[in-house]
Every structure is written in C-alpha cells, then in structure tokens.
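**Q**
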Amino acid sequence: MNKNVLKLLIDCKIYPLEAVKGACYTFTDTAFAEIEQISKGKLQVILTPKKESKIPAQNIRGEFLNELLHHALRLKIAKNNNSIREYIVTRALAAANPAECGELMQHAYNKKNVVLKKKSKISKVKLSKNFKNKIEKAGLSSRKGYKKDFAGITQNWEDKHSKK
Amino acid sequence: MQPAILKNFDKKKVGFFRFAKLGGSYLITNELGDFHFLNADDFKKFVTGKLSSKNPLYKKLRETNFIKDKLDTGYVISRWRRRNQFLWGSPGLHIIVTTLRCDHKCVYCQANSKDPNNKKYDMTLKTAQKTVERIFECPNPNVTIEFQGGEPLLNFPVVKEVVKNAQKLAKKTLKNVTFTLVTNLTPMTKEKLKFLTDNKVNICTSLDGPRNIHNLNRVYTKGDSYANVLKWCKNAKKFGKPHHIDGLVTVTKAALDFPKKIVDEYFNMGMQGLFLRPVTPLGMAKGVWGKIGYAPEKFLKFYEIALDYILEINKKSHFTEMTAVVFLTKILDDIDFNFMDLRSPCGAGIGQIAYHYDGDVYTCDEARMVSEMGDMSFCIGNVHKDKYGDFINHSVTKCLVTSSCTDVQTTCSWCVYKPYCGVCPICNYMSENDLYGHMPENSWCKLHKGILDIIFTKLSDPMCYDIFRRWIDKINAGKMNYHQSCFK
Chain A
1 MNKNVLKLLI DCKIYPLEAV KGACYTFTDT AFAEIEQISK GKLQVILTPK KESKIPAQNI
61 RGEFLNELLH HALRLKIAKN NNSIREYIVT RALAAANPAE CGELMQHAYN KKNVVLKKKS
121 KISKVKLSKN FKNKIEKAGL SSRKGYKKDF AGITQNWEDK HSKK
Chain B
1001 MQPAILKNFD KKKVGFFRFA KLGGSYLITN ELGDFHFLNA DDFKKFVTGK LSSKNPLYKK
1061 LRETNFIKDK LDTGYVISRW RRRNQFLWGS PGLHIIVTTL RCDHKCVYCQ ANSKDPNNKK
1121 YDMTLKTAQK TVERIFECPN PNVTIEFQGG EPLLNFPVVK EVVKNAQKLA KKTLKNVTFT
1181 LVTNLTPMTK EKLKFLTDNK VNICTSLDGP RNIHNLNRVY TKGDSYANVL KWCKNAKKFG
1241 KPHHIDGLVT VTKAALDFPK KIVDEYFNMG MQGLFLRPVT PLGMAKGVWG KIGYAPEKFL
1301 KFYEIALDYI LEINKKSHFT EMTAVVFLTK ILDDIDFNFM DLRSPCGAGI GQIAYHYDGD
1361 VYTCDEARMV SEMGDMSFCI GNVHKDKYGD FINHSVTKCL VTSSCTDVQT TCSWCVYKPY
1421 CGVCPICNYM SENDLYGHMP ENSWCKLHKG ILDIIFTKLS DPMCYDIFRR WIDKINAGKM
1481 NYHQSCFK
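Top line first, the protein sequences correspond to chains A and B.
Sequential numbering of the first sequence, starting at 1, is according to this note's numbering.
Sequential numbering of the second sequence, starting at 1001, is according to this note's numbering.
1. Establish whether the CB of K76 of chain A and some CB of chain B are separated by less than 9 Å.
2. Mark N1039 of chain B as exposed unless 16 or more other C-beta atoms lie within 10 angstroms of its C-beta, in which case mark it buried.
3. Beta-carbon of W1444 of chain B versus every beta-carbon of chain D: anything under 9 Å?
4. Taking CB distances under 9 Å as the criterion, tell me whether N1228 of chain B reaches chain A.
5. Taking the C-alpha atoms as reference points, what is the distance between L1022 of chain B and P16 of chain A?
6. Can you check whether the C-beta of V1076 of chain B is within less than 9 Å of a C-beta belonging to chain A?
7. Look up A1020 of chain B in the DSSP assignment and say whether it is helix, strand or coil.
8. Along the chain, where does the beta strand (DSSP E) that runs through K7 of chain A open and close?
9. How about Y1303 of chain B and L1207 of chain B: are their beta carbons less than 9 Å apart?
10. Skipping 5 residues on each side, what residues in its chain have a beta carbon closer than 6 Å to that of D1069 of chain B?
11. Leaving out the 5 sequence neighbours to the left and right, which residues in its chain are closer than 8 Å to G1209 of chain B when beta-carbon positions are compared?
12. Can you look up T1329 of chain B in the DSSP assignment and give me helix, strand or coil?
13. List, in order along the chain, the chain B residues whose C-beta lies closer than 8 Å to that of I14 of chain A?
14. Applying the 10 Å Cβ sphere with the 16-neighbour rule, what's the burial state of K1338 of chain B?
15. Taking the beta carbon of V1401 of chain B as the centre, do at least 16 other beta carbons fall within 10 Å, making it buried, or is it exposed?
16. On the criterion of 16 or more Cβ atoms from any shown chain inside 10 Å, does D1333 of chain B qualify as buried, or is it exposed?
17. Excluding the 5 residues preceding and the 5 following T1205 of chain B in the sequence, name in chain order all residues of the same chain whose CB lies nearer than 7 Å to its CB.
18. State yes or no: is the beta carbon of I1310 of chain B nearer than 9 Å to at least one beta carbon in chain A?
19. Starting from P1157 of chain B, trace the alpha helix (DSSP H) both ways and give me its first and last residue.
20. Nearest to P1157 of chain B by alpha carbon, out of B:K1168, B:L1196, B:K1175?
21. Residues of chain A with CB closer than 7 Å to the CB of W1471 of chain B, please, in chain order.
22. So what's N1202 of chain B in DSSP terms, helix, strand or just coil?
23. Below 8 Å on the Cβ atoms is my guess for L1153 of chain B versus P1187 of chain B; work out the distance and round it to an integer in Å.
24. Under a three-way DSSP split, which group does V1423 of chain B fall into?
25. Hey, is I1096 of chain B's beta-carbon within less than 9 Å of any beta-carbon in chain A?
26. Consult DSSP for Q37 of chain A and reduce its assignment to one of helix, strand or coil.
27. So, under 8 Å CB-CB, F1017 of chain B and I77 of chain A are touching, yes? Tell me the CB distance rounded to an integer number of Å.
28. Strictly below 7 Å CB to CB, what residues from chain A border S1090 of chain B?
29. Looking only at C-alpha atoms, which of B:K1291, B:W1232, B:A1295, B:D1453 sits nearest to L1328 of chain B?
30. Using a beta-carbon distance below 9 Å, is N59 of chain A in contact with chain B?
31. Helix, strand or coil for L958 of chain B? Go by DSSP, reduced to three states.
32. Does any residue of chain B bring its CB to less than 9 Å from the CB of G62 of chain A?
33. Name, please, each residue of chain B whose Cβ falls closer than 7 Å to the Cβ of A72 of chain A.
34. Let me make sure I understand the geometry here. Which of B:R1470, B:I1305, B:P1281 has the alpha-carbon closest to that of M1430 of chain B?
35. Check the C-beta distance from C1106 of chain B over to N1202 of chain B and give it rounded, since I have them as a contact under 8 Å.
36. Indicate whether L9 of chain A and K42 of chain A have their beta-carbon atoms separated by less than 9 Å.
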C-alpha cells in the first residue's frame, strides 16, 4: 500500500456530495480519488497521489480541503443565484425581435460608460427609425420560423431575399 | 462545524460570481467579464455580507453586480447579449483550401502538404465557383474569405477566380466581403502582390523568429525561407497601408530559449506586433512531437518572458502581442474579436466553415486537418452536392456546438476564466479521443489558464493595465487592425 495514501472523513452536512465530487475531479491530475460512503451522512475520500503530481505529497491534504471548501462555496453561490441567472439568460436568448437586440446592445454599450442610475425596462427602449431601416436592409427583421430559428441563421440568403 | 464563510453566506447580497486564488489575492469574475482582486479579508467580508456600504470596494462591487441588492437586470441582459452576439449570427469566416501543394516542408505542418508539382491536389475552377456560391448562401452580411493551403499562391488562378466571383456576389447581395491569404511568400511575384493589393487582400505569413529558428522550422529546399519572407515584407511596404503583411509565430522547442530575440525580429522589421502561438500536435507535428513539442509549462515560461519584454518596449513605442489582445478584448471590453476557439460554443460550423480543394466541407480548419490524417469524422458535406442549410444543420455541427459549450463542461462551468475562454472539441478529440476532454489534464486548458494567470497578474500592476488599455482603445478607435487569418 502506498504510504502517501490519504484518507479523509467528510461530513455531508458541512460539505455536500456534489462539492466532494467537484474537488475530487479537480484533483484528478494530482491523485487517484475514491469516494466511499461510510455511514449515513459521512463519506470517506481516499487519495492516492500520482507520480506526476505537482503538489508535494505532504500538502495534498491541505490543498484538497481548500478545494473542497471552494467547491462548497461555489455551490452556495450557484444555488442562491439560480433563478436570476436563468431569468437573465432566458430573456437574453428569447427576444423575438433581433432589432431589439441591436438597440439593446447599443444601449448597453452607451450605458456601460456611465454610472448606473435607475433600472431600465427593455420594453421602454425605442428603436430609432434609422436603425429600423438598417435592420430591414440587412434582412434581419424576418420572423419566419420564429420558434425554431428566429434569427434566420439556417435560412439561405436566396430564400430570404429572392422576392426582393 | 461548518466553516464561517459557508455558515454566514449572505444570500441576499452576493450575486453570481466565480473565483480563484491568484498570487496572494482572490480573483473574482462574473458572467459579463467584470473582475476584481480582493484580499482574503475583503473576500470573506464580501461573501458573508460584512463589507461596509461606506467602503469604496462595496460601491465597485455593487456597480459591477457582484453585490446584487440593486441589480439592473435590463443592463445585465443587454451586456450579456452584446458579449454573446455571435450567437445570433451565422458563419462569417470561410476558409478555402485552394491547393495542398506546397514548396515548404514545415516540421509542424498540419495540412499534410503535397509535392509542389502534383496538380491533382489543386482546387478546380468549377469547385471554386461552387464554393463561392455556397459561401454566399450563408445569411451573414459580413463575409471573410481566407485562402489557405498547402501554399495557396501555387494555385493563383483559383485565388483570382474566387476574389472576382465573391466581389460580384457581394455587390449583388449587398454584403461586405474581405479577403485574407495565408502564405509562406515563396511563390509571390510583383504581379501577384499587385493583384492582392488592388483587391485589398490582407496577407498573413509565418515568421518563426531569427533566421536559424525560422529555417529550422520552415524548411525550403530551394532556398532561404527567412530571406524570402523579409524580402516580401519590405516589398509590401512600398504598396503602402493597409496592405502590410502580418506575421505569426509558431513556437517550437527550438524557440523556447529565445523569446526576446523573436520579439526583436518583429519589432526591428517595423511590425505593429506579433502573435505567439504554441505548436499543436495536429498533422505532421504529432509524428515529430518528441522533437518539436513541449509541456504547457515550458511555453508559459517563454510567453511570460516575451510579454514582459513587449511591455518594456511599450514604454516608448506601440507593439502588441495578439494572444494577449484577444483575451484583453474580452477582459477589458465586450468586444468579440471572432476568435473561434475562445467563445462558447466555439465557431465550428456556426462561425466558420472550411472548404477543401476537392469540394469537401468541414466545420473548421482543424477538422480539415484531421481529415488529412485519414479521419473524415468532421466532414459535413460537399459543395457540389449540398447547400449551406445542409452544413449548418448537420449532426456533426450540432455535436461540436454542444461539446464546446463551456456551461456544460465540468471544469469550465466554474472556472474563474470562463467569461474569456473556450474549448476546441477537435483538439480534445485528437489528444484524448473525447470531444469534451478531461480539463484537469488537458494541455489546452493548462495553456489558456496559464496565459490568463499571467495576464491577470499583470493587470494588477497599474503600468501594465494602462498599456493593455491603450491596446484595446486603439482597436476600438479603428487604429489597429488584425485581419481574421492571424487569429482564427
């Protein structure tokens, strides 16, 4: 048996299983990792250092526990921001009007360089006439196949413009 | 007992962010690419809600949405869209391999180049015409056509045919078309250079460093490859801006001890910068990896010395390093430089398409190189039989899109550098036989992480920050341009 094999007892009330798995996966370039359930709510992690490991054997325990803490924190951050992240990405992806996307991008670019003031509502962003014309000319206003391909990415140029 | 940082986590104020220890500090980043350096004490206070609202750091964290109690969702959504605007586009980069013939035998050749006299590896005019038709079926209003090979100048009639046809179709379809040609410059003549300049074809070549390093890597049996590159770089200047010649460096083992000499080579030639790229184990390079390859740590050591030297040069002159610039456009701004490997999902099939000399179509240039090694897994059609819709709807295209989405990558999804990075599923496939790759042991991951560690460490130095900011401001002002071929 390798004398550098480490056995760590983990309390799942403190560090969830997902955090343990995450830390073990991160450590797969340093050690072979095994996870065993000892009893309800308690795990044992067995780390066998690899020859090519860059972390000295005596530091692996400390580094692993740090990584475990970091993963547990990451899970908390993700869990507590899940809804708002889904909302933001869903709103960003699901806009029906590509022209709105362009105006919003311009709005964001302009706003990025000033201090944040109030909350803005996307519905209140008005499209300039000049910008609308540009969108029409570039053929981005098509709403065909909205549910599947609202931006017309898979549409051939000829299919889009053959009548014009 | 639960650690305090977990027990006292402030659910109401702490927004979504990723973090890692860098040096003695915590680097934190969010989905919009904003970042801060926090010492351990401030990090703990921020996470547990104990940072005083009067602390200037609190204001900065709130303005950049790390503290979410006054989150402007409209602004965040808008910026997210701006950073990911390529998702609403279609392929803009179209790589045409005009021939596999080449008069060089580069040690790291990824194109499996053929004898320069064997014309059966040339693209025919008919295939070239069909290729241009396919390109203009793509709905993207901005088209970049990049000529690759082999050595594309060896099949110059096809280059001319493509340029003329593309200009005609661009006028008809109201699109913008730009051209780039990647060449070793050996078959260049004054007439060819005049055509390329008159038609605004940007030229990109390889210059791997001083004569001994360049000629060691890029073997030209009929002469001196290095002398030839220098000759044409000087000739191109006679034709004035913007048709200068840009250079790329492929760093092999031979170059690792000479970072400053390589930088000097470019600087003394009057180039505005250089692009330091590590050699990849694709094509011929895989067979001779023991002679030319190296561990990621060795490239990172080389890179740091080179970047430090370039930053010194920037105290008096302007001179950039393109790998850093590509990352910095994402770190310091929301610019999409269209670098296909550094986006999620990558550009395979949806940002770029490669058209081989025989009409076969691939998701990207790497896919084309894999086919030259006998593996046709990433072929998505042929210009004579299929149309654009077939390429983009192909199951292989969808597979590569899925496997390059960093949100579903185990390691990438929580990596502090996720907003700036990307994966190449084809490189993963070639090195690990797996499109997703195993990031803790993945060489590309180590390289990207290492380069970003270096860049962020420099960003914490105000002098370096100012230089980097100047580089990005020049891009924004249109005063600095690197065409597509130098950073696909």
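Backbone N, C-alpha and C fix where the C-beta goes; we use that ideal spot for every residue, glycine too.
Source: prediction; values computed, not measured.
**A** Walking through what the data contain:
1. Within the first sequence, the letter at position 76 stands for residue 76 of chain A. Under the 9 Å criterion on CB atoms, K76 of chain A is classed as interfacial with respect to chain B.
2. Here residue 1039 of chain B refers to the residue found at position 39 of the second sequence. Around the beta carbon of N1039 of chain B, a 10 Å sphere encloses fewer than 16 other beta carbons of the protein chains shown; the residue is thus reported as exposed.
3. No chain D appears in this structure, whose protein chains are A and B.
4. Locating residue 1228 of chain B in the second sequence gives position 228, counting from the first residue. Not an interface residue.
5. Against the second sequence, residue 1022 of chain B aligns to sequence position 22. Against the first sequence, residue 16 of chain A aligns to sequence position 16. In a straight line, the C-alpha of L1022 of chain B is about 25 Å away from that of P16 of chain A.
6. Taking the second sequence and counting its residues from 1, one reaches residue 1076 of chain B at position 76. At a cut-off of 9 Å between beta carbons, V1076 of chain B contacts chain A.
7. Walking along the second sequence from the start, residue 1020 of chain B turns up at place 20. Note: A1020 of chain B maps to strand in three-state DSSP.
8. The residue given as residue 7 of chain A occupies position 7 in the first sequence. Counting along the chain, the beta strand (DSSP E) containing K7 of chain A begins and ends at 6-11.
9. Mapped onto the second sequence, residue 1303 of chain B falls at position 303. Mapped onto the second sequence, residue 1207 of chain B falls at position 207. Their beta carbons are not under 9 Å apart, which means Y1303 of chain B does not touch L1207 of chain B by this criterion.
10. Position 69 of the second sequence, counted from the start, is the residue given in the question as residue 1069 of chain B. Taking D1069 of chain B as the centre and dropping the five residues before and after it, the same chain places the C-beta of K1013 closer than 6 Å to its C-beta, in chain order.
11. Walking along the second sequence from the start, residue 1209 of chain B turns up at place 209. Annotation for G1209 of chain B: V1249, A1255, F1258, K1261, I1262, E1265 place their beta carbon closer than 8 Å to its own, counting only its chain and skipping 5 residues before and after.
12. Translated into the one-based positions of the second sequence, residue 1329 of chain B becomes position 329. When DSSP states are grouped into helix, strand and coil, T1329 of chain B belongs to the helix group.
13. Taking the first sequence and counting its residues from 1, one reaches residue 14 of chain A at position 14. Residues of chain B passing the Cβ test: M1001, Q1002, P1003, L1006.
14. One-based indexing of the second sequence puts residue 1338 of chain B at position 338. According to the sequence shown, residue 1338 of chain B is Asn rather than Lys. Classification for N1338 of chain B: buried.
15. Working through the second sequence from its first residue, we reach residue 1401 of chain B at position 401. When all chains shown are included, V1401 of chain B counts as buried.
16. Within the second sequence, the letter at position 333 stands for residue 1333 of chain B. A buried status is given to D1333 of chain B, since no fewer than 16 other beta-carbon atoms sit within 10 Å of its beta-carbon.
17. The residue you call residue 1205 of chain B lines up with position 205 of the second sequence. Contacts found: T1183, N1184, L1185, V1229, I1245, G1247.
18. To locate residue 1310 of chain B, count along the second sequence from 1; it is residue 310. Not an interface residue.
19. Along the second sequence, one-based indexing puts residue 1157 of chain B at 157. Unbroken alpha helix (DSSP H) run through P1157 of chain B: 1156-1173.
20. By 1-based counting over the second sequence, the position of residue 1157 of chain B is 157. Ranked by Cα distance from P1157 of chain B, the options B:K1168, B:L1196, B:K1175 are led by B:L1196.
21. Start at 1 with the first residue of the second sequence, and residue 1471 of chain B comes out as number 471. What W1471 of chain B touches in chain A: nothing, since even the nearest Cβ is about 18 Å away.
22. Along the second sequence, read from residue 1 onward, the residue named residue 1202 of chain B stands at position 202. The answer is strand: DSSP assigns N1202 of chain B an E or B state.
23. Looking up residue 1153 of chain B in the second sequence gives position 153. Looking up residue 1187 of chain B in the second sequence gives position 187. Between P1187 of chain B and L1153 of chain B the Cβ distance is about 4 Å, and since that is below 8 Å, they are a contact.
24. Residue 1423 of chain B sits at position 423 when you count from the first residue of the second sequence. Reduced to three states, the DSSP call for V1423 of chain B is coil.
25. By 1-based counting over the second sequence, the position of residue 1096 of chain B is 96. At a cut-off of 9 Å between beta carbons, I1096 of chain B makes no contact with chain A.
26. Taking the first sequence and counting its residues from 1, the one referred to as residue 37 of chain A is at position 37. DSSP places Q37 of chain A in strand when its eight states are reduced to three.
27. Here residue 1017 of chain B corresponds to residue number 17 of the second sequence, with the count starting at 1. Here residue 77 of chain A corresponds to residue number 77 of the first sequence, with the count starting at 1. Between I77 of chain A and F1017 of chain B the Cβ distance is about 7 Å, and since that is below 8 Å, they are a contact.
28. In the second sequence, the residue the question calls residue 1090 of chain B occupies position 90. Scanning chain A for C-beta atoms nearer than 7 Å to the C-beta of S1090 of chain B yields I153, reported in chain order.
29. The residue you call residue 1328 of chain B lines up with position 328 of the second sequence. The option with the nearest alpha carbon to L1328 of chain B is B:D1453.
30. Within the first sequence, the letter at position 59 stands for residue 59 of chain A. False, the Cβ-Cβ gap to chain B never drops below 9 Å.
31. Residue numbering for chain B in the displayed model covers 1001 to 1488; residue 958 of chain B lies beyond these limits and cannot be assessed.
32. The sequence position of residue 62 of chain A within the first sequence is 62, counting from 1. Chain B, which has no Cβ nearer than 9 Å to the Cβ of G62 of chain A, makes this no.
33. The residue given as residue 72 of chain A occupies position 72 in the first sequence. Neighbourhood of A72 of chain A in chain B, by CB distance below 7 Å: L1006, in chain order.
34. Sequence index remark: in the second sequence, residue 1430 of chain B carries index 430 (1-based). Considering only alpha carbons, the answer is B:P1281.
35. Position 106 of the second sequence holds residue 1106 of chain B. Position 202 of the second sequence holds residue 1202 of chain B. Contact between C1106 of chain B and N1202 of chain B fails: their C-beta atoms lie close to 21 Å from each other, not under 8 Å.
36. As a working note, residue 9 of chain A is residue 9 in the first sequence. As a working note, residue 42 of chain A is residue 42 in the first sequence. The answer is yes: Cβ separation under 9 Å.
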